[in-house]
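Novice: To start, I am sharing the structure in question, which I have written as structure tokens.
There are 2 protein chains.
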Amino acid sequence: MSTYGGIDLGGTKIQAAIVDEDSNVLGSARRLTPTAGGPPDVAAEMETALRDAAMAAEVDAASLAGVGVGSPGTIADGNVRSARNLPDWQGTFPLAATLAHALGCPVKVGNDVQVATDAEFKLGAGRLYRSLLGVFWGTGVGGGLILDGKPWIGRGGAGEIGHVVVEIDGARCTCGRRGCMEAYAGRAAMELHVRQLHEQKGRKTELFKLMREQGRERLTSGVWARALERGDKLAVQTLDRAVGALGAGIASAINVLDVEGVIIGGGLGVRLGHPYAKRIAEAMQPHLFADERPPHVHVAALGDLGGAVGASLLIRDGA
Amino acid sequence: MSTYGGIDLGGTKIQAAIVDEDSNVLGSARRLTPTAGGPPDVAAEMETALRDAAMAAEVDAASLAGVGVGSPGTIADGNVRSARNLPDWQGTFPLAATLAHALGCPVKVGNDVQVATDAEFKLGAGRLYRSLLGVFWGTGVGGGLILDGKPWIGRGGAGEIGHVVVEIDGARCTCGRRGCMEAYAGRAAMELHVRQLHEQKGRKTELFKLMREQGRERLTSGVWARALERGDKLAVQTLDRAVGALGAGIASAINVLDVEGVIIGGGLGVRLGHPYAKRIAEAMQPHLFADERPPHVHVAALGDLGGAVGASLLIRDGA
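Protein sequences appear in the order of chains A and B.
Under the working numbering, think of the first position of the first sequence as 1332, with each following residue one higher.
Under the working numbering, think of the first position of the second sequence as 1332, with each following residue one higher.
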């Protein structure tokens, strides 16, 4: 029986897991993503995380059938280019080759969002479907596609659901463009929006107080969830606006693709959970062309280790 | 060597062709689509058109390997449901069975826009690509997809590019929803828009005068083209708005799908031709996430008989 490694490389943390052929987790570990240095330093932390997970699973890294990696940025042949949220990673770095050399086993690198979509399709909330759209609602809004049982990546850049236009000449997006869905729904954009209204227009909100109380420097999913629980008016309005944008943008993708299922994941998606998945489905409804048979909308079912477990499928399934 | 029939069932005309195995046209015919009656009357005209084409090709309809039909509406198992632009066709009609019985050969029915996309992929402007989006810019804006060499229809309703949202709570679409791309770019919506501005707000335009001069009751593609040539200000502004919507909506689809090519067809698309395909490509550019490698944008290459020839591929290629 083979064992596999999986690493989820995020902007905040690196998560590693060792799994068996049925994707049962035999051991796991996490490290903080370095905020300084460069790609080699990040790769070194990834190696450590994987070795820690292997130690927990009582296997030798070199004995693994291979290690799969879910990474941000543009991926081609194991090389990772312009991974925006990672330190000094504008250029191209041979991540697969570096890790394979360090660990002594084969390494494959895939796009983090596509890996997570694939994991939900094979093991999670998308198990019932042949075709689905994964929407990862967090700092940004990423997307992944499974069409007829297989990942669809187009020319390598498919799934950018966050940059579907919901308003021509609309709000400025963190990508520099205007009117993208992410400009209304991404956590980074929402934070900019409420900060402006709070600091420049004097709109009242408890968001920043809650942030400080929780010892955070950003409006995390937890901070948003707390503010919503308390009925903070600015938080509620900003989330309404986000849900409206998600509804229009996801419905647009469904009108073009007509897939069976939509999986809502990501930090905000998972944290806000079923009530918000339901709200997003309701916000999609007025924009769906085939509104008599909307797609099924679910929250991502795999937990914190979903990304790492999903990455291991790159090896197990040779995708 | 087998011969095939193809019928393009449009809201205005029925076009039929007889082709050989290489899709060379051996004979063709056209009839006006009945504006009264019901599905059986339309089927009877389709039979006549196909028989006329067969006569021109000097073949017997019953000797054809089969006849393919591109039809509006929702298609399932040869039945056509709610074909909006055809007379009294709200319910379901067994079009394939009716024609097969009348003609004495096998008949397959496909979605008109998907058939036209497939034809451009196999024989026309999409020949160079494995994956493409067909955008049929006419009365409405329809879309068809080829992904990795095969038509993608989702659960049967994919390709509704016209109903991608470009403006939340935006202009009212002829489908009843708000902010759809078609609400800005479809010929029917553009006509409503200029009629309102002309009749209710007193905006000057030569569009309706040109329409009458050309003996038309609608602002046809030809009327629009003529008004643009003359620099009619309202026509120019309305087309600018349409091109802006097409740019945003098509770019949204590309951000999700990342296909190689976009084919602009349809009455307006073909009539306005290359200069407008170029303008649409330019309008897409600010919304493309991977803006360093935009998809190729072409005008549909198959002429007036493209739909009928494309429909014949339903039989030849068993699709």
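Think of the CB as a built atom: it goes at the ideal place given N, C-alpha and C, for glycine as much as any other residue.
Just so you know, these numbers come straight off a predicted model, no measurement behind them.
Candidates A:1618, A:1622 and A:1630: which alpha carbon is nearest residue 1608 of chain A's?
Specialist: A:1630
Novice: Buried or exposed, going by whether 16 or more other CB atoms sit within 10 Å of the CB of residue 1567 of chain B?
Specialist: exposed
Novice: Taking the DSSP output, what are the residues bridged to residue 1339 of chain A?
Specialist: A:1346 and A:1401
Novice: Name the residues in the region 1535-1546 of chain A whose C-beta lies less than 7 Å from a C-beta of chain B; which are they?
Specialist: So the list is empty, because no residue satisfies the distance condition.
Novice: Within this structure, are the beta carbons of residue 1641 of chain A and residue 1449 of chain A separated by less than 8 Å?
Specialist: yes
Novice: I think residue 1592 of chain A touches residue 1463 of chain A, with their Cβ atoms under 8 Å apart; what is that distance to the nearest whole Å?
Specialist: The Cβ separation is near 4 Å, so the contact holds.
Novice: Quick one: what's got a C-beta closer than 8 Å to residue 1273 of chain B's C-beta in the same chain, skipping five residues either side?
Specialist: A query on residue 1273 of chain B cannot be resolved here, the shown segment of chain B reaching from 1332 to 1650 and no further.
Novice: Could you give the distance in angstroms between the alpha-carbon of residue 1408 of chain B and the alpha-carbon of residue 1440 of chain B?
Specialist: Using only the alpha carbons, I get a separation of about 8 Å.
Novice: Just curious, the alpha helix (DSSP H) that residue 1484 of chain B is in, first and last residue?
Specialist: From DSSP, residue 1484 of chain B is part of no alpha helix (DSSP H); its letter is neither H nor E.
Novice: Using a Cβ-Cβ cutoff of 7 Å, what residues of the region 1409-1433 of chain B are near chain A? List them in chain order.
Specialist: Listed by position along the chain: nothing, the set is empty.
Novice: Taking Cβ-Cβ distances shorter than 9 Å, what residues in chain B pair up with residue 1620 of chain A?
Specialist: 1488, 1491, 1493, 1494, 1506, 1508 and 1511
Novice: Answer with buried or exposed for residue 1544 of chain B, where buried requires no fewer than 16 other C-beta atoms within 10 angstroms of its C-beta.
Specialist: Flag for residue 1544 of chain B reads exposed.
Novice: Whole angstroms is fine: what's the gap from residue 1487 of chain A's alpha carbon to residue 1406 of chain A's?
Specialist: 8 Å
Novice: Flag this pair as touching only if the region 1483-1499 of chain A and the region 1620-1637 of chain A have three or more C-beta atom pairs under 8 Å; answer yes or no.
Specialist: no
Novice: If we ignore side chains and look at the alpha-carbon of each, how far apart do residue 1583 of chain B and residue 1389 of chain A end up?
Specialist: 47 Å
Novice: For my contact list, residue 1350 of chain A and residue 1357 of chain A are in at a C-beta cut-off of 8 Å; report their separation, rounded to the angstrom.
Specialist: 6 Å
Novice: Locate the beta strand (DSSP E) running through residue 1420 of chain B, then write down its first and last residues.
Specialist: Taken as a continuous stretch (DSSP letters only), residue 1420 of chain B belongs to no beta strand (DSSP E), as it is neither H nor E.
Novice: Pull up the CB-CB distance for residue 1489 of chain B and residue 1589 of chain A, whole angstroms please, since I reckon it's below 8 Å.
Specialist: 4 Å
Novice: With DSSP as the reference, identify every bridge partner of residue 1498 of chain A, one or two as the case may be.
Specialist: B:1498
Novice: Can you give me the Cβ contacts of residue 1367 of chain A inside the same chain, cut-off strictly under 6 Å, excluding the 5 residues immediately before and after it?
Specialist: 1418
Novice: Whose Cβ in chain B lies nearer than 7 Å to the Cβ of residue 1498 of chain A?
Specialist: 1498 and 1499
Novice: If you draw a straight line from the alpha carbon of residue 1503 of chain B to that of residue 1523 of chain B, how long is it in whole angstroms?
Specialist: 10 Å
Novice: Comparing C-alpha positions only, which one of A:1348, A:1561 and A:1580 sits nearest to residue 1386 of chain A?
Specialist: A:1348
Novice: Does residue 1390 of chain A come out as helix, strand or coil in the three-state DSSP assignment?
Specialist: Three-state result, residue 1390 of chain A: coil.
Novice: In whole angstroms, what separates the C-alpha of residue 1381 of chain A from that of residue 1371 of chain A?
Specialist: 15 Å
Novice: Starting from residue 1476 of chain A, trace the beta strand (DSSP E) in both directions and tell me its first and last residue.
Specialist: 1472-1478
Novice: Would you verify that the beta carbon of residue 1402 of chain B is, or is not, closer than 8 Å to some beta carbon of chain A?
Specialist: It does not; no Cβ of chain A falls within 8 Å.
Novice: In its own chain, which residues sit with a C-beta less than 6 Å from the C-beta of residue 1647 of chain B, not counting the 5 before and 5 after it?
Specialist: 1335
Novice: Closest by CA to residue 1572 of chain A, which one among A:1638, A:1517, A:1398 and A:1454?
Specialist: A:1517
Novice: Given that residue 1589 of chain A touches chain B, what residues does it touch there, using C-beta distances under 9 Å?
Specialist: Residues of chain B passing the Cβ test: 1483, 1484, 1485, 1486, 1487, 1488, 1489, 1490 and 1491.
Novice: Please name the residue, chosen from B:1429, B:1569 and B:1446, that lies closest to residue 1538 of chain B on a Cα-to-Cα basis.
Specialist: B:1569
Novice: Just the C-alpha distance for residue 1579 of chain B and residue 1596 of chain B, rounded to the nearest angstrom, thanks.
Specialist: 17 Å
Novice: Alpha carbons only, please: which of A:1400, A:1375 and A:1473 is nearest the one belonging to residue 1639 of chain A?
Specialist: A:1400
Novice: Can you give me the Cβ contacts of residue 1394 of chain A inside the same chain, cut-off strictly under 8 Å, excluding the 5 residues immediately before and after it?
Specialist: 1334 and 1436.
Novice: Give the secondary structure of residue 1565 of chain B by DSSP, where H, G and I count as helix, E and B as strand, and everything else as coil.
Specialist: helix
Novice: With a floor of 3 residues, list each beta strand (DSSP E) that falls wholly inside the region 1418-1468 of chain B, ordered by position along the chain.
Specialist: 1438-1442 and 1463-1468
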